[in-house]
Structures are given as structure tokens and as C-alpha cells.
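J.: The structure's right below; bear with me while I get my questions together.
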Amino acid sequence: LHAQCLQRLQSPRMDLCHVPATREKGWYLALMAPNVKGPNYAWLDPSRLYCHPQGLQDCVADLLQPFQGDAIDMVAGIDAMGFILGEQDAGDRRAQGLCPLSLGVLTVLCPPPGAAAAATLRKGFLAIRKAGHLCVQTVAQPYSDYSGRQKVMEVRTDAISPGLRILLVDQWVETGGTMRAAIELVERLGGVVAAPLCVPTGVAAICMENSEGGKWIQERYKCSHCVPPRLQPRFDQH
563 LHAQCLQRLQ SPRMDLCHVP ATREKGWYLA LMAPNVKGPN YAWLDPSRLY
613 CHPQGLQDCV ADLLQPFQGD AIDMVAGIDA MGFILGEQDA GDRRAQGLCP
663 LSLGVLTVLC PPPGAAAAAT LRKGFLAIRK AGHLCVQTVA QPYSDYSGRQ
713 KVMEVRTDAI SPGLRILLVD QWVETGGTMR AAIELVERLG GVVAAPLCVP
763 TGVAAICMEN SEGGKWIQER YKCSHCVPPR LQPRFDQH
């Protein structure tokens, strides 16, 4: 898998029909596209992974596997890429073994992922937005993102009741600032993101880097990500 990732990260195109014979955890990470626009952008673009029907399904399944049997009331995704991982109906919208390119039409296999996890779990989905997009009463939380830019996120106040068990989903946890702000918003409203030994809800992302912020989250909350241990150094040292 390590060699596969190194090779495919340099590939400008993706075969939407190809599925490896053995789909070990994280095989789809090689579908991500490298940054070609410079330091103002993230080093990888996971959104190319979302274009691959089997890759997206396996990614969401791996994210949710540690939470099987856990009590989850709602999934929350962080604006904007966390919306994708947080919605998908893995059953009703499955491609039934067909390559989408062979259909001769544009086929939407799943809605944008937080939302993919919510539909798979048959739970509601809460969007945690960048400030200024919600026309209802909200609470806000300032934070610093992976690039060091100061931002503000907000969430509606009428969706989280005390004790509601939330699974927080985002695309990537790099410095941890964005996810930590989302956790603080949920907990200020009385929601439970949950410590590992408490109510088993938590945090899910394709990758959680072993940064100071990433470690802080993993030490306090039940977490799930898709990077196999042998590949983790490659993601931490980009």
C-alpha cells in the first residue's frame, strides 16, 4: 500500500472503474491528488477520492467501524469538506457492480461525505458552518485553521439538546484547531462528543496527524481515521 500511495499520488488521472482485488484499509488513500498550487493550499486534495464510488464507500465504512454498536444520536460535519464525509446511503445508492463510466450518463452515486456517515447510520446531520451563513440564532467560536488563518465557525442553537451524543466528522485533522473549535461549540450547547471511557461517541476524519493538536483530541475523545500505522509517518511529515 505504501508503494501504491507513492506511485498514484503522482498520477494526474484516476481510473473510476478500477478496484483492487484486495481492499485493505486505506487502499483508497492513493486516490488523493497532490497539491500543485503551492503553500497556500493543503498538501493533498482528498476530494478526488470522493469521485471513486468504491473508494468513498470503503472510506466511510472504515471511519464508522470503530463506532459500531455505539450510541450516536446525530452526526455533525464541519464546513465545508466535513459535509461530504458526514452523508451517503451505502445501500440504496450502491452502483450494483457497474462502472459509472459505462453508463454513458452522469451518475450521482452519493451526495456530498459527515453527510455520508449520517445516512449510513440513519441519523440526522448537523452542519457546523463558517460564520455568516446561517439566518437563525447561532453560537460562534473563533479558531485558527491549519494555515494559521483566524476564522469563526458557528452552529444553530436549536439542534443540540443536553446529552445529545454527537459524532463529529471532518476531512482532515492537521493542527487540530478546527476540530477543537467544533468540539467546544457542541459541548457549550450541552452535546456530548465523549471521552473514550464515557459515552462512546467521538471524532472521525480521513487523517489525524500526530501534531500537538491532533494528539490532544486523540487523548480525550474516541477517534477514528483511515491511515494505517505504517503510513502515518508519511502523513505526519509532509
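The numbering of the sequence shown is the numbering used here, which starts it at 563 and goes up by one. Glycine included, each C-beta is placed from N, C-alpha and C at the ideal position. The model shown is predicted, which means the values in this text are computed figures rather than measured ones.
Let me know if Trp-778 comes out buried or exposed under the rule of 16 or more other beta-carbons within 10 Å of its beta-carbon.
T.: Trp-778 is exposed by the Cβ-count criterion.
J.: What do you reckon, are the CB atoms on Leu-625 and Leu-647 nearer than 8 Å?
T.: In this structure, Leu-647 lies closer than 8 Å to Leu-625 by Cβ.
J.: Considering only the alpha carbon of each residue, which of Leu-591, His-800, Pro-628, Gly-600 lies closest to Gly-617?
T.: It is Leu-591.
J.: Where does Thr-700 sit, in a helix, a strand or coil, going by DSSP?
T.: Correct three-state label for Thr-700: strand.
J.: Tell me whether the region 695-705 and the region 722-734 touch, counting them as touching only if at least three CB pairs, one residue from each stretch, are closer than 8 Å.
T.: No, the region 695-705 is not in contact with the region 722-734.
J.: Per the contact definition of three or more C-beta pairs closer than 8 Å, is the region 692-701 in contact with the region 736-746?
T.: Too few Cβ pairs lie closer than 8 Å, so no.
J.: If I measure Cβ to Cβ from Leu-751 and keep anything under 6 Å in the same chain, skipping five residues before and after, which residues do I get?
T.: Once the five neighbours on either side are set aside, the close Cβ partners of Leu-751 are Ile-722.
J.: Would you decide whether Ser-709 is buried or exposed? Buried here means 16 or more other CB atoms lie within 10 Å of its CB.
T.: So Ser-709 ends up on the exposed side.
J.: Would Ile-745 pass as a contact of Val-717 if the rule is Cβ separation under 8 Å?
T.: The answer is no: Cβ separation not under 8 Å.
J.: Which two residues bound the contiguous beta strand (DSSP E) that contains Gly-764?
T.: Segment 764-770, the beta strand (DSSP E) holding Gly-764.
J.: Short of 7 Å in beta carbon distance, which residues of its chain neighbour Thr-819, apart from the five on each side in sequence? Order them along the chain.
T.: Outside the displayed range of the chain (563 to 800) lies residue 819, so it cannot be described from this structure.
J.: On the CB-based measure, 16 or more other CB atoms within 10 Å of its CB, does Arg-742 come out buried or exposed?
T.: Result: buried.
J.: Alpha carbon to alpha carbon, how far is Val-714 from Lys-784?
T.: Approximately 25 Å, taken between the alpha carbons.
J.: In this structure, does DSSP put Leu-618 in helix, strand or coil?
T.: Of the three classes helix, strand and coil, the one that applies to Leu-618 here is helix, per DSSP.
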